[in-house]
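Peer 1: Take a look at this one; I'll ask things after.
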Amino acid sequence: MARVFRAWLVVFGVVVIGIAVAHFLFGQATYIGGGDVNATMDSDLRFFNVLFAAYGATFLWASRDVIGRARQINLLGLLFFVGAFGRLLAWIASGTPTPFYVAMFVVELVVPVVHYVVLRTLTSGAEKHRVSTPLDQRV
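If you want it as structure tokens, here you go:
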């Protein structure tokens, strides 16, 4: 399971980086259902996609040690989960988005929960097979 999860994190990270690079380079034209924006919005969208690329790169980094970086992976998931509520606020304020972004809302709620469950399974298994060392026996 750890190998499959690691591979999934790599794919997820690469996809996120790809999306971010496309949005950064080509701007609003790459947003499904997006319309014209002013220079301020274009600037913000491109700026925040650098951070989104870093988010994807962090998944690549975390994938190298899934057990040791479980806390960081869960934190990344929490960010994704909270981001879904940004979509919900936009939905309330501006109306229903395209079906793609409705689906993304669901994905952004479900993926972090699945990550959490998989990581709980992996880390509980790691604890069972952990070898105790003298440092672990300190009080």
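full-length UniProt numbering numbers the first residue of the sequence shown as 1 and each following residue consecutively. We put the beta carbon where it would ideally sit given N, CA and C, even for glycine.
Identify the continuous alpha helix (DSSP H) that holds D42 and give its terminal residues.
Peer 2: The count along the sequence shown starts at 1 and reaches residue 42 at position 42. Counting along the chain, the alpha helix (DSSP H) containing D42 begins and ends at A39 to S63.
Peer 1: Would the stretch 102-116 count as touching the stretch 81-88 if we require 3 or more Cβ pairs under 8 Å?
Peer 2: The stretch 102-116, when compared against the stretch 81-88, does touch it at the 8 Å Cβ threshold.
Peer 1: Could you pull out every residue in the same chain whose Cβ sits closer than 6 Å to the Cβ of V118, ignoring the five residues on either side in sequence?
Peer 2: Residue mapping note: residue 118 aligns to position 118 of the sequence shown, counting from 1. So the list reads F5, once near-sequence residues are dropped.
Peer 1: So what's M104 in DSSP terms, helix, strand or just coil?
Peer 2: For the purposes of this step, residue 104 is taken as the residue at position 104 of the sequence shown. M104: helix per DSSP, three-state reduction.
Peer 1: Using only alpha-carbon positions, find the residue among G33, F47 and V66 that is nearest to A39.
Peer 2: What you label residue 39 is simply residue 39 of the sequence shown in a count that begins at 1. Of the listed residues, the one whose Cα sits closest to A39 is F47.
Peer 1: According to DSSP, is P112 helix, strand or coil?
Peer 2: Position 112 of the sequence shown holds residue 112. The answer is helix: DSSP assigns P112 an H, G or I state.
Peer 1: Among Q72, I19 and G34, which residue has its Cα nearest to the Cα of H115?
Peer 2: In the sequence shown, counting from the first residue as 1, residue 115 sits at position 115. Out of Q72, I19 and G34, Q72 has the C-alpha closest to the C-alpha of H115.
Peer 1: Could you tell me the boundaries of the alpha helix (DSSP H) in which G77 lies?
Peer 2: The sequence position of residue 77 within the sequence shown is 77, counting from 1. Residues A70 to S94.
Peer 1: Look at the Cβ atom of L45, then the Cβ atom of Q28, and state whether they are nearer than 9 Å.
Peer 2: On the sequence shown, position 45 is the one that residue 45 refers to. On the sequence shown, position 28 is the one that residue 28 refers to. Contact flag set, yes.
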